[in-house]
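Residue numbers (the UniProt record's numbering), protein chains in the order written: chain A, 1 to 335; chain B, 1 to 272; chain C, 1 to 290.
Glycine included, C-beta positions come from ideal geometry on N, C-alpha and C.
Given the structure is predicted, the values throughout are model-derived calculations rather than measurements.
To start, the structure itself, in structure tokens.
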């Protein structure tokens, strides 16, 4: 009877699950955000060479990418990340607040407040810049459509939002009402609000929606590289925000899995010259002065404000702007 | 023939027990967990969550687009079912086989395909842009995606019923002097209505909860093109588990009521 | 979902000549709607996939992450379909052969996963088995992992495919009634003998039809699986999730290539379905003649 044979085959395949690879000590899970895919593909290979040269076994680094907030939640819900490399500090703070997966002072454990590389927010426009976009002011001109992801779900979008805010704050000399009106107008001109930075890039580049994409500098460079530069160009505004994507070891997970040494080496190597060079090659601004000098031509200079300097750090900016009922919610409710 | 419990057929206890156990483990207990999670909210808090303006907007959008899709399918599906049952024509077999495609096609694939089709750079999107309107990233695009995903429902519920109506009935009506519209209105419609409503309600229920195919084409703007399932995701990503489950409970209750109505309706069809 | 076992021989009173105008218009508009709503999206998937020729098309499918995703999808299908098959037979048996209180409620419960939003289907398992969930700490102590691992993906797939087999069998078994089984029992057959020799042959094709639909849905589930997957490349990505990842990596062509693989699988499944359907109709036809 064919049915019986079918059942047998099904049971055999059910048994296969039992034989799936159990996690060995030579595996490492790096849970990261959207635009770092290409960076870590290259970095993982370099780290592997380094790690093996130190007399260790080869390590299989597994990658998971997605919106920064969503990735943090997955780790809180039990995704067993050894290290997280997310878009902003408040998403990693959540690992402490929900479930105490890391100590409160996690950010002081590595140099530069645990951010081995930085980036900023720039504009990506269509070739020839048909709408003549030069600075944040031009984004609120009538008829300009702005593409940016949803700050509630995307880390990059929060940097975008704060970049616009910082610019308006300076322009209106700290007049909060005017600043808010400016940012509100900006978001009125957003036709699609994707859930992640990569989704926005696809919307802008492939589906050809909008006149300007607010993007991570690295994301903009990458889009240009993938596109060949035939249809797009980068516009650097007069002022932007220094985006600092941090990294940390997830203590609870590495201690259970016995991977602490490996995980720490993995993150430390990001600060090495080779690690910094790979970051720079993937369009992240390196922290290391020597590497930064090597790549100085690649990164335009512009006035950069920091989250700590202009907004008093994520601990106060996150609830004020992006919390439930925060400024972003108010902007959308008012519409 | 009576359908009373037959004492000679064994296995009632076994099968019912197994059915209940399986359903409990897989469906009831997990769904119960969601209800329990929501009890962390008081009634007034629960009401506050689901009457929040953003939730209301998503509610309106999800139900509105699902309704629109179900209505489109109510018309197109009836047409397709009618043509498939009543006529022979070239390619009928192909059409018959492929009607179920939206069931078999992964929703993510449907999502990216429809976005590629309806985005301003796409095949149909281009054409719409020339005419001065947008499809992708508007409620229209969401409705079209839902129309695709729920297309088979009305067709598949109508087909058996249509096939069972003998053609003589219409011919008799025609002999008695009814015009085609009258014979449709007074003969076919009453017979088809329960099945049509079932298909319509199934399509509607499925459309309200659909995620994969919509997420690519929706545009996801709060208050404008943000569907309920996405709002659940957004709330989750802000660690607002109770808020997310509150919306989940609301959707669950709605789909349960809809299904119960459908099943009662089908019982009425079975026992006229 | 409903039984589509209809499509008995259509009324073929007209050849293509001499067809009334109204009929022609109806057929024409049916084709138009069918083409616009169904065929065009298909065409888009295939044309995007083959944009850069067959070389890239096949290399996208044979890439290790794609193969790993394929394997995981097959595992999820291989577990969820047989389990739901057994459940479907049991549920259809008790619903169709007996009368009892609360039957409508039971049928509604069987149907429920079908109209529950996939996002909710994923969410409930996060609430149960997530680190913050009911069983989270218990699982953690024993180093067991359910969500963000294969068991979670299987569970989510199981949930969304619960109703398929049962829904196909219930109407079929109701229609067949209990007379043949009663006769078998009176002739001295045991319960199992009766099931294997009388019931099963009668419902065989309906069963296959249900399994086919169940397989299709299990293969293609996206929302529910996406919530519980964790998106670890080469480890917890199913084929539909892999499509999304490729799409998000500027790898448009590869995304559509894998999508078209899923599409071809879907078409193959429809073929199987069509075949089982024709067998059901033939069976019905025969039994009607007896």
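Where residue 187 (chain A) is concerned, there is no enclosing beta strand (DSSP E), although the alpha helix (DSSP H) around it starts and stops at 176-188. Per DSSP, residue 243 (chain A) is not a residue of any alpha helix (DSSP H); the beta strand (DSSP E) it occupies stretches across 239-243. One finds 207 in chain A with Cβ atoms closer than 8 Å to the Cβ of residue 115 (chain B), taken in chain order. Judged by DSSP secondary structure, residue 205 (chain B) falls within the alpha helix (DSSP H) whose first and last residues are 189-209. Comparing alpha-carbon positions, the option among B:162, B:240 and B:128 lying closest to residue 193 (chain B) turns out to be B:162.
The region 280-298 of chain A makes no contact with the region 125-137 of chain A; the number of CB pairs closer than 8 Å stays below 3. A direct Cα-Cα distance of roughly 16 Å separates residue 28 (chain B) from residue 104 (chain C). Pairing residue 66 (chain B) with residue 146 (chain B), the inter-Cα distance amounts to about 7 Å. In this structure, DSSP gives residue 65 (chain A) an extended state, which the three-state scheme calls strand.
Annotated three-state conformation of residue 216 (chain A) is strand, per DSSP.
Interface with chain B (8 Å Cβ-Cβ cutoff): residue 111 (chain C) is included. Interface residue (Cβ-Cβ distance to chain B less than 8 Å): residue 229 (chain C) is not classified as such.
The beta carbon of residue 188 (chain A) sits no closer than 8 Å to any beta carbon of chain B. Apart from the 5 residues on each side of it in sequence, residue 126 (chain C) sits with its Cβ closer than 8 Å to the Cβ of 133, 147, 227 and 228 in its chain, given in chain order. Checking the DSSP bridge columns, you'll see residue 30 (chain A) partnered with A:63 and A:83. Taking 8 Å as the CB threshold, residue 73 (chain A) lines the interface with chain B.
Per DSSP, the continuous alpha helix (DSSP H) segment holding residue 42 (chain A) begins and ends at 37-53. Of all residues in the region 128-154 of chain A, only 150, 152 and 153 come within less than 7 Å of chain B when Cβ atoms are compared, listed by chain position. Sorting B:87, B:119 and B:155 by C-alpha distance to the C-alpha of residue 99 (chain B) places B:155 at the top. Residue B:49 holds the alpha-carbon nearest to the alpha-carbon of residue 245 (chain B) among B:11, B:12 and B:49. Annotated three-state conformation of residue 180 (chain B) is helix, per DSSP. The residues 26, 27 and 28, in chain order, have a CB closer than 8 Å to that of residue 60 (chain A) in the same chain once the five nearest residues on each side in sequence are set aside.
At a beta-carbon threshold of 9 Å, the residues of chain C lying near residue 202 (chain A) are 247, 248, 250 and 252, ordered along the chain. Around the C-beta of residue 37 (chain B), 16 or more other C-beta atoms lie within 10 Å, and the residue is accordingly described as buried. Chain C has no Cβ within less than 8 Å of the Cβ of residue 235 (chain B). For residue 119 (chain A), the enclosing beta strand (DSSP E) begins and ends at 117-126. Interface annotation for the region 73-87 of chain B against chain C: 76, 79, 80, 82, 83, 84, 85, 86 and 87, criterion Cβ-Cβ distance under 8 Å.
Under the three-state reduction of DSSP output, residue 162 (chain C) falls in the coil class, being neither helix nor strand. Annotation: Cβ neighbours of residue 80 (chain A) in chain C (cutoff 8 Å, chain order): 145 and 148.
Contacts between residue 226 (chain A) and chain C, judged by CB atoms closer than 8 Å, involve 250 in chain order.
Within chain C, the residues whose beta carbon sits less than 7 Å from that of residue 10 (chain B) are 191, listed in sequence order.
Apart from the 5 residues on each side of it in sequence, residue 186 (chain A) sits with its Cβ closer than 7 Å to the Cβ of 139, 140, 146 and 164 in its chain, given in chain order. Beta-carbon to beta-carbon, residue 216 (chain C) and residue 104 (chain B) are separated by about 4 Å, close enough to satisfy the 8 Å threshold. In summary, the residues of the region 34-60 of chain B whose CB is separated from some CB of chain C by less than 9 Å are 34, 36 and 37, in the order they occur in the chain.
DSSP, read as helix, strand or coil, puts residue 105 (chain B) in coil. Taking the Cα of residue 26 (chain C) as reference, the smallest distance to any Cα among B:26, B:76 and B:53 is reached at B:76.
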